[in-house]
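Notes for the one structure printed next.
2 protein chains.
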Amino acid sequence: MKRALGIDFGGTSVKFGVVEGKEVIDHADSIDTQEFTSRKELILEIEHRIKTIRRQHPDLVAVGVGVPGFVDFSTGTIANLTNVAGWQNVPLKEILEKKIGLPVVVENDANAMAYAEWKLGAGKGYEHLIALTLGTGVGGGIIANNQMIRGANSGAGELGQTSINYRERVGAYGNPGALEDYIGNREIAQEAIRFYKNHGINKTAAELTPADLSKLAEMNDQISLEVWGWVTDKLACALMNCCYLLNPEAIIIGGGIAKAGNLILEPLREKLKKSLSPTFIDDLKILPAHFGNEAGMIGCAHLAMEEAE
Amino acid sequence: MKRALGIDFGGTSVKFGVVEGKEVIDHADSIDTQEFTSRKELILEIEHRIKTIRRQHPDLVAVGVGVPGFVDFSTGTIANLTNVAGWQNVPLKEILEKKIGLPVVVENDANAMAYAEWKLGAGKGYEHLIALTLGTGVGGGIIANNQMIRGANSGAGELGQTSINYRERVGAYGNPGALEDYIGNREIAQEAIRFYKNHGINKTAAELTPADLSKLAEMNDQISLEVWGWVTDKLACALMNCCYLLNPEAIIIGGGIAKAGNLILEPLREKLKKSLSPTFIDDLKILPAHFGNEAGMIGCAHLAMEEAE
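As they're listed, the protein sequences go chains A and B. Residues 189 to 497 (our numbering) are what the first sequence spells out, left to right. Residues 189 to 497 (our numbering) are what the second sequence spells out, left to right.
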């Protein structure tokens, strides 16, 4: 079976994994990005690590890099990384291919996750699906007509930037009421602090991560259930919009919050049922993602293997 | 050049036109649907008219029907017509093909309009576009990867049902804050009545159609300009969502309101520029539709010609 290197470029680290089929067979390496003061140094270090990993895995056929931001998939040029400074207009594919002599693809991390779920995970066999990751931010990827939908500049799938209220305060790009500004992990914690305070309980953001809120809900803590109700209201509206626009067969939910499982999947279905006509809801599957944190790495590696064919 | 019959199935009439290239070369016939008490009678009359038209146009290769509602494009079965009672689960393609012996396609009218604009009109040459019609309702159609996007049950493109405010009152399908419930023609008129009343002026809905409001705005009537500002705020939010999800190259706007032209196109661009990151707005074209009322008829006829090939 073919193997490719998947690289997960995050806000604080760059992780390397050798991917074969549905597995990361070797968590090969990791870089702490904080240690690098310039983009150029960081890219040099990435090249160095790739070369080291290739010595241990000479059968690698390609390299796939997943990045948290806007990237033109056709050229592999990063337009902008949302939470990483200094990464505008970086032709990463071109730079890496020259140095390492293997095909390289660069893809938005949420698209890579969607690709992994569609080709190998919970979305296998569907021709039309929406995949989303819920974490610090909210990312998404779209499959329609059995193809990845990237749009004009590979920007498609930015579910977290879509609005659920035109009257709300504006977000990172001037967009009012962006989903991410309601249900990003930090925003949920802030909202949860208010819910508990209303009940005379003081808690900190550190005590109210999605994982904490899930545990509380499992213990039938009513306030945490109210918080989850608040979260799923927001998410249901954004997903309703996706359904009316794209009529998917399945919605696949991954990322940290997704660990809340039926705390969010069941209420989401109920809320969508109330707001979608039968054409859109009757056959709709709402599914937890198959892959966890490795989804992006696996998706990128497979996109790279396809490129290498 | 090939010719097909396009049928525009509306809320109050069924219109027939012979289509060749970009033209309706013969506005062949029209039925007043109010005269028919049963669906069966109306379908018989449609068959009868088609046969009559074929005698005059023996070279017709196919028939395309555009309907205002949900239809499964692959089978040509109407699931439901939004404003026409008694049209649930009607296999119209099958019924008509049996009787008239020509290939028949049945398509949602907004999808048909999008198809016409993409293949022959303002959207020609684009691989990724959103087309919308603004009228009594708000319809839409999506092209991505140079293909029509219909989704699982051909429901995709229902832009008018997407929400711009999760907190607003629910619409036809239980969906809160649906775009159509803000900027359908009737809703604009109601809002305009309020704007004028706030300035001490009493006007009726009949005096405040989009055409009236356009004329007033052209005469620099400040209140009508406020109304258009209110309309474009709502539309900009829904289109922003489409852009973040689909990253189109072009947005094409047709229907009655579109006649307001630069009263809406320019403000829309300004508002989108404020709320979209450069990846989405820099290359985006916002264009008036090429076709008017005939868009659906022409689109259906061309879809039918493709089917007949």
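Ideal Cβ placement from N, Cα and C applies to all residues, glycine included. All figures in this text were calculated on a predicted structure; none of them were measured in a lab.
Can you tell me which of the three DSSP states residue i falls into?
| i | result |
| --- | --- |
| ARG191 (chain A) | strand |
| ALA448 (chain B) | helix |
| SER201 (chain B) | strand |
| PHE468 (chain A) | helix |
| ASP196 (chain B) | strand |
| GLY442 (chain B) | strand |
| THR265 (chain A) | strand |
| ASN481 (chain B) | coil |
| ALA366 (chain B) | strand |
| LEU396 (chain B) | coil |
| ASN435 (chain A) | coil |
| ASN429 (chain B) | helix |
| LYS403 (chain A) | helix |
| LYS473 (chain B) | strand |
| ASN353 (chain B) | strand |
I'd like to check one pair, residue j with residue i: are the Cβ atoms closer than 7 angstroms?
| i | j | result |
| --- | --- | --- |
| ASP217 (chain A) | ARG237 (chain A) | yes |
| LEU284 (chain A) | VAL292 (chain A) | yes |
| THR467 (chain B) | ASN429 (chain A) | no |
| GLY348 (chain B) | LEU367 (chain B) | yes |
| ALA380 (chain A) | ILE440 (chain A) | no |
| ALA310 (chain B) | GLY329 (chain B) | no |
| LYS422 (chain B) | ILE371 (chain B) | yes |
| GLY359 (chain B) | ASN299 (chain B) | no |
| GLY209 (chain A) | MET189 (chain A) | yes |
| ALA426 (chain A) | LEU456 (chain A) | no |
| VAL255 (chain A) | PHE197 (chain A) | yes |
| ARG191 (chain B) | LEU230 (chain B) | no |
| GLU315 (chain A) | ASN334 (chain A) | yes |
| VAL278 (chain A) | GLU482 (chain A) | no |
| TRP416 (chain B) | LEU451 (chain B) | yes |
| GLY199 (chain A) | LEU322 (chain A) | no |
| GLY264 (chain B) | LEU290 (chain B) | no |
| ASN353 (chain A) | GLY365 (chain A) | yes |
| VAL207 (chain B) | ILE486 (chain B) | yes |
| GLY274 (chain A) | ARG227 (chain A) | yes |
| ILE219 (chain A) | GLU235 (chain A) | no |
| ILE337 (chain B) | ALA393 (chain A) | no |
| TYR384 (chain B) | SER465 (chain A) | no |
| LYS473 (chain B) | ALA438 (chain B) | yes |
| GLU295 (chain A) | CYS488 (chain A) | yes |
Any idea if residue i is buried or exposed, counting beta-carbon neighbours within 10 angstroms, 16 or more meaning buried?
| i | result |
| --- | --- |
| HIS490 (chain B) | buried |
| THR420 (chain A) | buried |
| ASP260 (chain A) | buried |
| GLU454 (chain A) | exposed |
| ASN363 (chain B) | buried |
| THR270 (chain A) | buried |
| ASP297 (chain B) | buried |
| PRO246 (chain A) | exposed |
| SER262 (chain A) | exposed |
| ASP369 (chain A) | buried |
| ASN386 (chain B) | exposed |
Is the CB of residue i under 7 angstroms away from at least one CB in chain A?
| i | result |
| --- | --- |
| ILE508 (chain B) | The question about residue 508 (chain B) has no answer here: the residues shown for chain B are numbered 189 through 497. |
| PHE258 (chain B) | yes |
| LYS473 (chain B) | no |
| LYS190 (chain B) | no |
| ILE352 (chain B) | yes |
| ASN271 (chain B) | no |
| ALA319 (chain B) | no |
| GLY361 (chain B) | Reading off the sequence shown, one finds Tyr at residue 361 (chain B), where the question assumed Gly. For TYR361 (chain B), the answer is yes, since a Cβ of chain A falls inside 7 angstroms of its Cβ. |
| SER465 (chain B) | yes |
| LYS462 (chain B) | yes |
| GLY329 (chain B) | no |
Counting only C-beta atoms, is residue i closer than 7 angstroms to chain B at any point?
| i | result |
| --- | --- |
| PHE261 (chain A) | no |
| ALA300 (chain A) | no |
| ILE337 (chain A) | yes |
| LYS459 (chain A) | no |
| GLY274 (chain A) | no |
| ALA267 (chain A) | yes |
| GLN349 (chain A) | yes |
| ASN334 (chain A) | no |
Segments of 3+ residues assigned as beta strand (DSSP E) that fall wholly inside the stretch 300-348 of chain B: 317-322, 326-332, 335-337
Quick one: which residues of the stretch 424-445 of chain A get their C-beta closer than 9 angstroms to a C-beta of chain C? List them in chain order. In the structure shown, chain C cannot be found, because the protein chains are A and B.
For the stretch 198-261 of chain B, list the beta strand (DSSP E) runs that are entirely contained and at least 3 residues long, ordered along the chain. 201-208, 211-220, 248-255, 257-260
In the stretch 266-298 of chain B, which residue ranges form an unbroken beta strand (DSSP E) of at least 3 residues, counting only runs that do not cross its ends? 292-296
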